[in-house]
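*Asks:* Under full-length UniProt numbering, think of the first position of the sequence shown as 1, with each following residue one higher.
Don't be surprised by glycine CBs; every beta carbon is placed ideally from N, CA and C.
Keep in mind it's a predicted model, so treat the numbers as computed, not measured.
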Amino acid sequence: MSAILSADDLNDFISPGVACIKPIETLPAAPDQLPSNSYEVVREDKAPPTDLPPAQISLTDCLACSGCVTSAEAVLVSLQSHNEVLANLNAHPEKLFIALMSPQSKASLATAYGVSADVAGHMIERLLCSPEGICREGRGFDFVLDTNATREVAVRFAAEEVVTAMHGGRDGVHGRKMPILASACPGFVCYLESTQPALIPHLSRLKSPQAILGTAVKSLLYKDVKDGVNGIYVVGVMPCFDKKLEGARGELTSGAWMEGNEEAVRDVDCVITTRELISLAQARGVDFATLPQSTPLLSSSNTTSTLLQTLKSPTKSSTTKANPTPGTSDGYLTHIANHILTLYPTSTLRIEPGRNSDTIDYVISTPEKTIARLSRCYGFRNIQNLVRRLKPAKTRALPRFGKAITLQRKPLAAAAVRQAGGKSDAEYTYVEVMACPGGCTNGGGQVRYDDEIIASGLGAGTQKEWLGKVDEAYYSSTEDEENGEEGGVPQEEWVERFVEEWENRTGISKDKLLFTGYRKVENDLGGRLKEVSVVELASKDGGGW
Numbered sequence: 001m002s003a004i005l006s007a008d009d010l011n012d013f014i015s016p017g018v019a020c021i022k023p024i025e026t027l028p029a030a031p032d033q034l035p036s037n038s039y040e041v042v043r044e045d046k047a048p049p050t051d052l053p054p055a056q057i058s059l060t061d062c063l064a065c066s067g068c069v070t071s072a073e074a075v076l077v078s079l080q081s082h083n084e085v086l087a088n089l090n091a092h093p094e095k096l097f098i099a100l101m102s103p104q105s106k107a108s109l110a111t112a113y114g115v116s117a118d119v120a121g122h123m124i125e126r127l128l129c130s131p132e133g134i135c136r137e138g139r140g141f142d143f144v145l146d147t148n149a150t151r152e153v154a155v156r157f158a159a160e161e162v163v164t165a166m167h168g169g170r171d172g173v174h175g176r177k178m179p180i181l182a183s184a185c186p187g188f189v190c191y192l193e194s195t196q197p198a199l200i201p202h203l204s205r206l207k208s209p210q211a212i213l214g215t216a217v218k219s220l221l222y223k224d225v226k227d228g229v230n231g232i233y234v235v236g237v238m239p240c241f242d243k244k245l246e247g248a249r250g251e252l253t254s255g256a257w258m259e260g261n262e263e264a265v266r267d268v269d270c271v272i273t274t275r276e277l278i279s280l281a282q283a284r285g286v287d288f289a290t291l292p293q294s295t296p297l298l299s300s301s302n303t304t305s306t307l308l309q310t311l312k313s314p315t316k317s318s319t320t321k322a323n324p325t326p327g328t329s330d331g332y333l334t335h336i337a338n339h340i341l342t343l344y345p346t347s348t349l350r351i352e353p354g355r356n357s358d359t360i361d362y363v364i365s366t367p368e369k370t371i372a373r374l375s376r377c378y379g380f381r382n383i384q385n386l387v388r389r390l391k392p393a394k395t396r397a398l399p400r401f402g403k404a405i406t407l408q409r410k411p412l413a414a415a416a417v418r419q420a421g422g423k424s425d426a427e428y429t430y431v432e433v434m435a436c437p438g439g440c441t442n443g444g445g446q447v448r449y450d451d452e453i454i455a456s457g458l459g460a461g462t463q464k465e466w467l468g469k470v471d472e473a474y475y476s477s478t479e480d481e482e483n484g485e486e487g488g489v490p491q492e493e494w495v496e497r498f499v500e501e502w503e504n505r506t507g508i509s510k511d512k513l514l515f516t517g518y519r520k521v522e523n524d525l526g527g528r529l530k531e532v533s534v535v536e537l538a539s540k541d542g543g544g545w
């Protein structure tokens, strides 16, 4: 695992359970090393040494919950690092290398180096694709794609999925149950799959923007790259380590959308964090701060320019980052709320603050009834409360009579809201769930307030103050608005056109391209110490790709 993951990166606390405790392996002392007197009193000056090496932690131990990562997943995650990216760049010059850049990562780097998010994006392209960057020491990337394009696709189909579930009643459609829970955070998905499998039917089937863009790159270029290019290598640059888990999912491979007997390959081959991108630059002897801040003039082949024209068509976004209301996690909640409001012209929106800054409710209602209640839920403290309310009621037997009874749970409703006519409170329709407090700009792989790479005078006294600066950089991006003004088409129209063209070019239905599935994962924490083979770990059923 990356050396930059440390205990300080665990930015939310859960009281540990038995499965959270990392076992310490110690060998028994040899007979001749045992003390002659087993009851010997040790004086203070003979106390055990305190300068022991620090304990190492990995995703296997705990990122967000008790033992939610299987051994197979941990092995595959450990193979995703900036060193792995450099090794592939050196070993496979014949491949097409494509980077997927998240807007949260750009905001983090912009804050660290005192530039705007748009300028940070230009510097990243210079780093990966130009002679001023890693190309001067060897092979570089062919081009960089921003996940903002597929974010528009994701929020559009998330709204459609929620409305369809609303019309399907309490049990929704296609096995989805209400409320629909956002599935863009792989840490939360992993938590449900491993520890709360009964809630899997609530998860949205929609892929995240990273997964959609990875599928688009691999599926659109699959046939085109056979002439002169031997394969595609896709690298995601993301704000958190959990995105490595998403990249390793078996459901996110070519086997999910490509028919045939060819060996399945991942849609996203490797995921590195924001901080690991700087480590990649340092490994090639590049100082990120000195890179030119202007847009690089990149020469693309016919194949890549066709894809860029498809994915970078200007759109007039309905979830512009200039407005902080959508939050720092791509704006699922606000887009779905706006979509429902357009379907009910007489409805109104009421925003209700929650118990803390990471919870907020959006209530859409008419004078007669509440149509939908949507909620934002960031951080595992809040997620635990959500899960407790959603878990199925337990059936227990009375100790004396042996009669089975069902312990009822309170429905997931907002007790403070009273509807006209004395009707009961409305239950939740959709919840935008993210594991990190503060959302995606606060991911564990982002630059922290005390990081050594921060330019002098740009630091903040606390992580909270630093996160405020990162959020400001995230909201201040102007590329979406500029694109919309320069002949751009409305977001809804562009998404429909893009998805239709995607289906026509690949001959694959959008259900395979945009949606995925989830499954219960057996936790193997207790047997990990007995595993000896990496190959065996990675090929075990129920975990990893």
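Answer yes or no: do residue 193 and residue 521 have a C-beta to C-beta separation smaller than 8 Å?
*Replies:* yes
*Asks:* Which of helix, strand or coil does DSSP assign to residue 381?
*Replies:* helix
*Asks:* Let me know the beta strand (DSSP E) ranges lying completely inside the stretch 190-271, each 3 residues or longer, listed in chain order.
*Replies:* 232-238
*Asks:* For residue 99 versus residue 107, is the C-beta spacing smaller than 8 Å?
*Replies:* no
*Asks:* Rounded to whole angstroms, what is the Cα-Cα separation between residue 285 and residue 448?
*Replies:* So the alpha carbons of these two residues sit roughly 22 Å apart.
*Asks:* Roughly how many whole angstroms lie between the Cα atoms of residue 212 and residue 158?
*Replies:* 13 Å
*Asks:* Can you check DSSP and say which residues form a bridge with residue 498?
*Replies:* BP columns for residue 498 are empty, so no partner.
*Asks:* Which residue or residues does DSSP assign as beta-bridge partners of residue 188?
*Replies:* DSSP, once it has assigned bridges, lists no residue as partnering residue 188.
*Asks:* For residue 365 and residue 181, I'd like the C-alpha separation in whole angstroms.
*Replies:* 21 Å
*Asks:* Residue 220 and residue 519 look like a contact to me (Cβ under 8 Å); what is the Cβ gap, rounded to whole Å?
*Replies:* That pair is no contact at about 28 Å.
*Asks:* Quick check on residue 82: buried or exposed, where buried means 16 or more other Cβ atoms within 10 Å of its Cβ?
*Replies:* Residue 82 sits buried, since 16 or more C-beta atoms from the chains shown fall within 10 Å of its C-beta.
*Asks:* Does the beta-carbon of residue 278 have 16 or more other beta-carbons within 10 angstroms, so that it is buried, or is it exposed?
*Replies:* Here residue 278 is buried: its Cβ has 16 or more other Cβ atoms, across all protein chains shown, within 10 Å.
*Asks:* Tell me the DSSP secondary structure of residue 367 in three-state form.
*Replies:* DSSP places residue 367 in coil when its eight states are reduced to three.
*Asks:* Sorted by chain position, which residues of the same chain lie with C-beta nearer than 6 Å to residue 172's C-beta, five sequence neighbours on each side aside?
*Replies:* Reliability of the predicted coordinates at residue 172 is poor, the pLDDT of 46 falling under 50, and the value obtained from them is presented with this limitation in mind. Hits under 6 Å: 165, 178.
*Asks:* Which same chain residues, not among the five before or five after residue 252, have their C-beta less than 6 Å away from its C-beta?
*Replies:* 211, 267
*Asks:* When DSSP labels each residue in this structure, what does residue 325 get in the three-state scheme?
*Replies:* coil
*Asks:* Provide the residue(s) that pair with residue 373 in DSSP beta bridges, ordered along the chain.
*Replies:* 363
*Asks:* Please name the residue in 332, 386, 247 whose C-alpha comes closest to that of residue 196.
*Replies:* 386
*Asks:* So if DSSP puts residue 434 in a beta bridge, which residue, or which two residues, is it bridged to?
*Replies:* 378
*Asks:* Could you pull the start and end residues of the alpha helix (DSSP H) that residue 471 belongs to?
*Replies:* For residue 471, the enclosing alpha helix (DSSP H) starts and ends at 463-475.
*Asks:* Using DSSP's beta-bridge definition, name the partner residues of residue 348.
*Replies:* Residue 348 is bridged by DSSP to 365.
*Asks:* Where does residue 447 sit, in a helix, a strand or coil, going by DSSP?
*Replies:* coil
*Asks:* What does residue 143 pair with, by DSSP beta-bridge criteria?
*Replies:* 98
*Asks:* Straight-line CA distance for residue 331 to residue 338?
*Replies:* In this structure, the CA atom of residue 331 is about 11 Å from the CA atom of residue 338.
*Asks:* Tell me whether residue 109 sits in a helix, a strand or coil according to DSSP, three-state version.
*Replies:* Three-state result, residue 109: helix.
*Asks:* Checking 8 Å against the spacing of the C-beta atoms, do residue 208 and residue 120 come in under that value?
*Replies:* no
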